[in-house]
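As structure tokens, the structure follows; a few thoughts come after it.
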Amino acid sequence: MTRRITISLPDDVAAYVERTQGNTSGFIAGVLRRKMRADGLRAAWAQRGYLVTDEDVERTRERLAALPPISDEQHARNLEWLRQLDDEGTAAA
């Protein structure tokens, strides 16, 4: 099921979406789903006693950016591992 809503975007953001994506709604939905997943993972970590801050995320991004790129094969293995996670962010049995 879908619901129609109207949003306003700054001109530069709207131009980017129009230039790089054929489906603006799909693009926005994808961005929001990633945000929802990230929020869910943070909540799961918090339930286990770990507070993940924006600074933690930025520091980790910087560390990852400094690493050499991974192979396509390793990337595929990583994605498969992530698919095994359940909604709570724990490994599925």
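Every position in the sequence shown, counted from 1, becomes a number in the numbering used here once 1 is added.
All C-beta atoms in this analysis are idealised placements derived from N, C-alpha and C, irrespective of residue type, glycine included.
| query | result |
| --- | --- |
| Sequence-distant residues of the same chain with beta carbon closer than 6 angstroms to Val53, five excluded per side | Arg43 and Trp46 |
| As assigned by DSSP and simplified to three states, the class of Leu52 | coil |
| Limits of the alpha helix (DSSP H) - the one that Gln22 falls within | Element bounds for Gln22: n/a, residue is neither H nor E. |
| Where Leu33 falls: helix, strand or coil (DSSP) | helix |
| Asp12 to Ala66 span [Cα, whole Å] | 29 angstroms |
| DSSP three-state assignment for Glu65, whether helix, strand or coil | This sequence places Leu at residue 65; Glu is not what is there. Three-state result, Leu65: helix. |
| Residue interval of the alpha helix (DSSP H) (run including Arg78) | Asp73 to Arg84 |
| Supposed close pair Thr25, Val18 - CB separation, criterion 8 angstroms | 5 angstroms |
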